Structure formats: C-alpha cells, structure tokens
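So the protein lines, in turn, are chains R and S. Numbering-wise (our numbering), the first sequence opens with residue 1 and increments by one. Numbering-wise (our numbering), the second sequence opens with residue 378 and increments by one. Glycine is no exception: its CB is placed at the ideal position from the N, C-alpha and C atoms. On a predicted model such as this, the values are computed, not experimentally measured, just so you know.
Number of protein chains: 2
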Amino acid sequence: MPVTIRDVARASGVHISTVSRTFSAPHLVNPETRVRVLACAEDLGYRPNRAARALITGRTHNIGLIIADIANPFFPPLIKAAESQARHRDYHVFVADTNEDAAAEEELVHALAKQVDGVLLCSPRMSNSLIEQLSREVPLVVVNRQLAGLPCVLMDVGQGARSAIEHLAGLGHREIALLGGPRGSWTSRELRRAAGVAARAAGADLTVLGPNPPTEHGGLAQAEQVRRAGVTAVLAYNDLMAIGLLEGLDALGVAVPGEVSVVGVDDISLSRLTRPKLTTVATPTAAAGRTAVDMLLQQDTDLPRTGRASGAAAVAVGVRRTTAQVMLQTELVIRDSTGPGPYAGRERSGATAAGPGPHRRADPGGPRVAAGDVVAS
Amino acid sequence: MPVTIRDVARASGVHISTVSRTFSAPHLVNPETRVRVLACAEDLGYRPNRAARALITGRTHNIGLIIADIANPFFPPLIKAAESQARHRDYHVFVADTNEDAAAEEELVHALAKQVDGVLLCSPRMSNSLIEQLSREVPLVVVNRQLAGLPCVLMDVGQGARSAIEHLAGLGHREIALLGGPRGSWTSRELRRAAGVAARAAGADLTVLGPNPPTEHGGLAQAEQVRRAGVTAVLAYNDLMAIGLLEGLDALGVAVPGEVSVVGVDDISLSRLTRPKLTTVATPTAAAGRTAVDMLLQQDTDLPRTGRASGAAAVAVGVRRTTAQVMLQTELVIRDSTGPGPYAGRERSGATAAGPGPHRRADPGGPRVAAGDVVAS
DNA sequence: GATCTCTGTGCAAACCTTTGCAGTGAAGTA
DNA sequence: TACTTCACTGCAAAGGTTTGCACAGAGATC
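Okay, structure coming up:
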C-alpha cells in the first residue's frame, strides 16, 4: 500500500537509482527526466522513507530533546527555540519527558540513540559518569550541567545568585534563605555555592532549605519552614518554587515583600503575573536552546557517519569532537516581590534603600539577555 | 563503530538469526545459547537498531504527538499522560510543536509518518479535508476536533460553556462577552455555539470578541474592548486568555469580580495562583491524553502492518478501522473571579446571590473529572 | 576518423534486522 | 528398527533507500 521509490521508477520508466537521485542529488539528473519523475512521484503521492534513508546514510535528520519536566514553564521556550533552529537546518526535534526520573533518562537516550543524530540532555538528573558513558553511544550536548569533555550549554546562575544576594543585602536583609532544587541538579549546587560566597561577602547569613522538588508545590511546602527560620528574604531555586512560596506565605499571612522578600530564578512568563510580581534572575532559555542545537549539529557534521557512505576524509581527520562549553549570561530583573529589610539604610545604603516608596520596576519589554561567551574549548 | 547483531553473532559463535531471536523471541532459543548470546551482547554493548527493525516489521513502537503550542500550559498534562500511557505499552512518544501553524502541522505529519506507528493530532488548526487526506498516510487520532470517520477524543466544552453561562446568569449577569479563540479551532466554535444557546435561554446578551490568539497576550489585548463593550461578565476561550484579561482589567482599574466577572476554560494549574483565583471550566486533559493513546494503539493492532511480516489474518479481516469518538466530561470549578452582577437577586435568585460576602470556593483537591463516555462508534 | 571528455543512467551492494522455510539431531512412539 | 515428533539453529530473502562504479552515447578535440 505505501508507495515506494520502486513504484515511482516503474511509473516513470527509469531505474530506482534515478528516482533516488531526483530527490537527493537533482543536479545529477537530466532536467527532462527530473520533471517526469517528479510528476510521477507527485501523482502517486510518494514520500521518501526517512527511516530507510537513515539506515544507509547514517543520518536521520532528527534530534532528540530530553527534558526533565515539560510542565515546568522553564522548558517550553527552550524547546521552541531548539525546534525553530533545527527546522532551519532541516532537522526535526523529538521531545521526550522524563518526569525528573534519572532511570527514564537513560532509557530514553537508548531508545532515541538510533533514531536521531544526537541528543540534547536538558537539566539531567543522572550521574556524570552515566552521561559520559551514554555519550559514547550517541552525540550528546548537555544543557544546565557542566561536564568535562562534553559540549555543554550553561547559564551563569552563579552570577545570578550573586546579583540576587547583593540586591537583597543592599535592601538591608541579613538573614536569607535559599530554597534548594532537586537532588542531582547542577544548577542547584551552583546556586548554593555562589549564594553562599555572596552572602558571606555581604555579611549575611544563608540558610539552605532543601533539596525540594522544583515545582510550585515544592515551594509552597517550604513556607512554614521559611517563617520558622526567621529569615527576611528568600532566593528560590526557580520561579515555580518562588511562586509556590508566595502562595504559602500568603496563606500564613506573611506579607511579601513587607515581611519577607522573595527572589526566583528563570523569569518564566508567569512571574510577571503573580501578585506581587516576582523579582527574578532571568535565564536566557531560548538562547540556550538555539546554541545547543547549533553545537550538536556542528558536532554532527564533524563526526564521521555510521552508514556505508562514511567518507574517507572524515576518517582521516579522526574522531575530533568539539567539546566547547558555552556560558550564557543571566540578569536580575527587579519587580515587586523584594523590598527593604530590617537593616535598610544602615551602611551600604546605596540606591536601594530609597525609603518606603515603590520599588524599582523592571521595564516591561526589550531584550535583557546578552549573547553568550565561549568559556572553554 | 556501532556494534550490530553481526558482531554479537560472531562473538557468540551463532548465526545472526539466533541473536535476533534471542531478543525478539527468546522462547525459541536454547537457554544455554541464550545466556551466552546475552552475555556477549552485554559485553559488546549491543542495542538493537530500532530503525532497521521498523523497516522490516513495519512497527516503530513510536507514536507522534503534534501540539499547537507546548508553551500553553494546557498541553503538558496531556503530553505527560500520553507519554506514561504509551510507556506502559512499550511505546515512545515524540512530541512536536507547530507554533499554531497549520502548514507546520502538515509538514510534521509527513515527517513523522514513516517514523511512527501513528500520530495524535491535538487541537489541529488545519482543515478537515487535509486531516482526512493525511489520515490515509498514517493512522491518526484527533484530539479537540470532531471529524466524521476518524477516531476523535473530545472534551465537552459545550456543556462547560452552558454551565459557565448559567453560573453567570444565576449571579445576575445579563451582558456577557465571549473571548473567542484562534481561527480554525473546533473548541472555539463549539464554545461559541453552546454559549450562544445558553445565553439566549437565560435571557442574556452574548457579545463575541475575536478571534484571538489563545495566549495570555490575546486576553490582555482585549481588556479595553471588554470594558468598552459594557459587559459585566466574560467567558474566555481558555485560562491563559482569562489570566491575560485579568491583568488587562487590573491595569485599567476594573475590579474583578466587583465590576466584571471572568471565567476561563481548562483549569490549568496556574488558574489557582492568580488573584483573584480563576473560576474556570475544568477539562479532563490527562484523560484525553491517555484515551487518545489507547485509541491509537488499538487501531494500530487492528491494522495490518506494512512490512513483509504482514500476517494473512489481518488481511482476511480487512481494513476495519475503529473510528470511535469519545467525549469526555467537563466541570465548572467556581473560585473567586466571578461574583454578583447587576441583576443579582432579581428572579432566578437561587443559591448564588447570597449577598456581597465571599463567593463559593472550589474545594482544593480531589478528582473532579468523570470518566468519558463513548458517544459513537 | 580516432581519441577524449562529459552527461546521464543503470547495476548491484550495502545498511541492520526479522522471519518463513529447511535442516539437524535427539528423544519418543509403534 | 523404522518412524514421527520436537527443539533448536542456519539460510536467505526482504524491507526502502543511497551511492561507487561501469557503461552508453553525444559532442569536442586533434
């Protein structure tokens, strides 16, 4: 029932190889023949079988995108950017969700391995050694995790944490909590490290609460702890948790930013919709998606193909993998969930402790994110 | 470099067919041989090439999921439910985003056709006739669109609209606006139809505004129109638009629900987080995902396979497609964005016009969605 | 008129599996 | 003993495509 290259060949009176060339190397076939073949193909509704093509060329023109949780609004912009970038290069993206489950991640890499030309591993939860092992099976680009020897796209959450802590300290907060993210998250570790350093430098105390599930509920569940900890400011692992915390504090009757200031990370679109609007560290999510696809496709063109069509040239060059690591910048966006703390006005007053008036608002639009720098290669 | 069945055969001293059987029909091979082969496979890190397998069996064990917009929080629960249901049956799901673009939808169906065993088309934007045509290329299940002769999973938004309008009319609203969804959306048409009927029955006027992009911004952009239309209540195409409208009205200084009541559709998790919390028509998104996968896989096992392995039995049965259409129930969840209207208390007072006190709150948890009914088959 | 170049096409192998069929030898049956 | 049955394994074709190589014929060159 499905029409193959053979049917087209029969219909147009040429050999199947000519039909094949009509599609994959049109310049090699006589214009007259070409139009005839194309007409027949059109007539019969022929579409090249990509799986069969992949079998011999070693190129599927698909890339896999493994995501911890599609429901986390952090990811969709990344997915969309990756998809549009891939489409430009005539690639398709297959997205798979792991439910924050390390075992599912491994499973999926294996399942995808032979059906895609490479995989983007976003915010993986599995161990470094397992990732390295899997990278021998299929080209990998890792997002939100630093891994020696593998191409990585990172967001400078360390810098973001620093900015956030400095912002809070500048507002007069000295007792700050950090709501940690999920176990196994590189971002969470990085955030904690940088926040610790920044807090020490600013003379503030940092209490770490967690690990927590990186969801609204994870934040909500910590509201009680936050109140008990006696802190006046909180930096959350991500916006979702920050928003949950906002909810939880509201339910407990704790005023934000009156009694407690809250800062998130990611700047998901939702963070503009809460009351109060969320101060947050904007991460360049879309840029990360684009960059990761670029790096994967770059690596892909460098690498020899697996099919019989492997060029001798590629072999001569050897398996020289590009392992560039890109760090993308983050930026603090100040909205309404942060306000003066108990030490407002004392020492390092600066521009921040400008009285009880309205806080600085982020300008509503425009690009906020700088281009990434290559950090290592 | 990649290890194939042949390498395993060589290593374990058997024919490739024995290796093949070790994986796909273990009971046909001697236990001793089996363990030896498995050991060798393990040693060499062999993994069956699913693409090659698909070429001959005609079964990829993948299903495609085409989504209008991953960033719309309506979809992730559907995706996750579909994914988990598929995983149970040893299938993988490839998600693709079309950016609300009909042309991209067609593109993607073609691209996926030979790499999956079937496609779930969610809230498609393309024409019925095109969908029908594509369904000849690959098994299709359509979600959120009724289409004769094709298996469909629908949500009873008509009933939802009716409940919403009755709720509003009961609260004393007589001038109601409907914020329409995107052009080409079956749900939007259905909503409009049912809302019109219900409004007439309740003696209320219905003003339709739209079509609009089904996003937060689409709702926000209509705030001005809503105010100008002089309505006291609005039913929005989905929660995202309702939330945008909440924003817009807030910016215009219009109180919700004091001056205008707002109802959304979908009950995305976000709708519990707005101020005021959103009254909305809950749609059984996860159930839809599960059901759609079930229907697709059902159809899949019925249909003869394309590969040479096609059983004669299937042919004897003939191409009997299951074209069941399932309608899932919706339910109105009343929160804080709806309140008494100008005609509150006059006639049909009921339980709704209980003075200016707090409105009814939805209970926070528990299942709200009934199981689906088969409507036709 | 012989040789060369070039364009267009056909041939057949290869990619990695699965599976119907046939063959082997051992155990069971008459 | 001769026959059947059975469990296991090998053989080879098939699935749809790509591509190196060979070849035919046309035109150009000397």
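- When secondary structure is reduced to three states using DSSP, residue 184 of chain R falls in the coil class, being assigned neither helix nor strand.
- Apart from the 5 residues on each side of it in sequence, residue 572 of chain S sits with its Cβ closer than 7 Å to the Cβ of 538, 542, 555, 583, 612 in its chain, given in chain order.
- Identification of residues in the stretch 646-661 of chain S having a C-beta nearer than 9 Å to some C-beta of chain R yields 646, 647, 649, 650, 651, 652, given in sequence order.
- Ranking R:270, R:226, R:111 by CA distance to the CA of residue 256 of chain R puts R:226 first.
- Within the stretch 114-134 of chain R, 114, 115 place their CB atoms closer than 8 Å to a CB of chain S, listed in sequence order.
- Nearest CB-CB separation between residue 216 of chain R and chain S: below the 8 Å threshold.
- Only 87, 92, 93, 94, 95, 96, 97, 99, 104, 107, 108, 110, 111, 112, 113, 114, 115 from the stretch 87-116 of chain R bring a Cβ to less than 9 Å from some Cβ of chain S.
- Contact between residue 332 of chain R and residue 281 of chain R is confirmed by a C-beta separation of about 6 Å, below the 8 Å threshold.
- Boundaries of the beta strand (DSSP E) harbouring residue 92 of chain R: 92-97, taken from the DSSP string.
- The stretch 413-428 of chain S makes no contact with the stretch 29-46 of chain R; the number of CB pairs closer than 8 Å stays below 3.
- The residue from S:498, S:450, S:439, S:589 with its alpha-carbon nearest to that of residue 471 of chain S is S:439.
- CA-CA distance, residue 382 of chain S to residue 397 of chain S, rounds to 7 Å.
- Rounded to whole angstroms, the gap between the alpha carbons of residue 70 of chain R and residue 215 of chain R is 12 Å.
- Annotation: the continuous beta strand (DSSP E) that includes residue 520 of chain S extends over 517-520.
- Contact annotation for residue 433 of chain S against chain R: no contact, minimum CB-CB distance about 10 Å [criterion: below 8 Å].
- Within 7 Å of the CB of residue 247 of chain R, the CB atoms of chain S belong to 650, in sequence order along the chain.
- Nearest to residue 266 of chain R by alpha-carbon distance, out of R:239, R:224, R:251, R:208, is R:239.
- With its beta carbon less than 8 Å from one in chain R, residue 426 of chain S belongs to the interface.
- Between the C-alpha atoms of residue 67 of chain R and residue 608 of chain S there is a straight-line separation of about 43 Å.
- Against chain R, the CB of residue 460 of chain S has a partner CB under 8 Å away; the residue lies at that interface.
- Within chain R, the residues 71, 73 have their CB atoms less than 8 Å from the CB of residue 450 of chain S, given in chain order.
- Not a single CB atom of chain S sits nearer than 8 Å to the CB of residue 255 of chain R.
- By the neighbour-count criterion, in which 16 or more other beta carbons inside 10 Å mark a residue as buried, residue 301 of chain R falls on the exposed side.
- Beta-bridge annotation (DSSP): residue 215 of chain R is not paired with any residue.
- The beta-carbon of residue 76 of chain R is placed less than 8 Å from the nearest beta-carbon of chain S.
- Residues of the stretch 5-26 of chain R that bring their beta carbon within less than 7 Å of a beta carbon in chain S are absent altogether.
- One alpha carbon belongs to residue 435 of chain S, the other to residue 52 of chain R, and they sit about 11 Å apart.
- For the stretch 599-620 of chain S, residues whose beta-carbon sits nearer than 9 Å to a beta-carbon of chain R comprise 620.
- Around the C-beta of residue 403 of chain S, fewer than 16 other C-beta atoms lie within 10 Å, and the residue is accordingly described as exposed.
- For residue 456 of chain S, at least one C-beta of chain R is nearer than 8 Å to its own C-beta.
- Each of R:130, R:122, R:82 was checked against the Cα of residue 99 of chain R, and the nearest Cα belongs to R:122.
- At the C-beta level, residue 295 of chain R and residue 141 of chain R come within 8 Å of one another.
- For residue 547 of chain S, the secondary structure class from DSSP, reduced to helix, strand or coil, is helix.
- Close to residue 429 of chain S, with beta-carbon spacing below 7 Å, are these residues of chain R in chain order: 55.
- Its chain contains no residue whose beta carbon lies nearer than 6 Å to that of residue 129 of chain R once the 5 sequence neighbours on both sides are disregarded.
- Rounded to whole angstroms, residue 645 of chain S and residue 660 of chain S show a C-alpha spacing of 9 Å.
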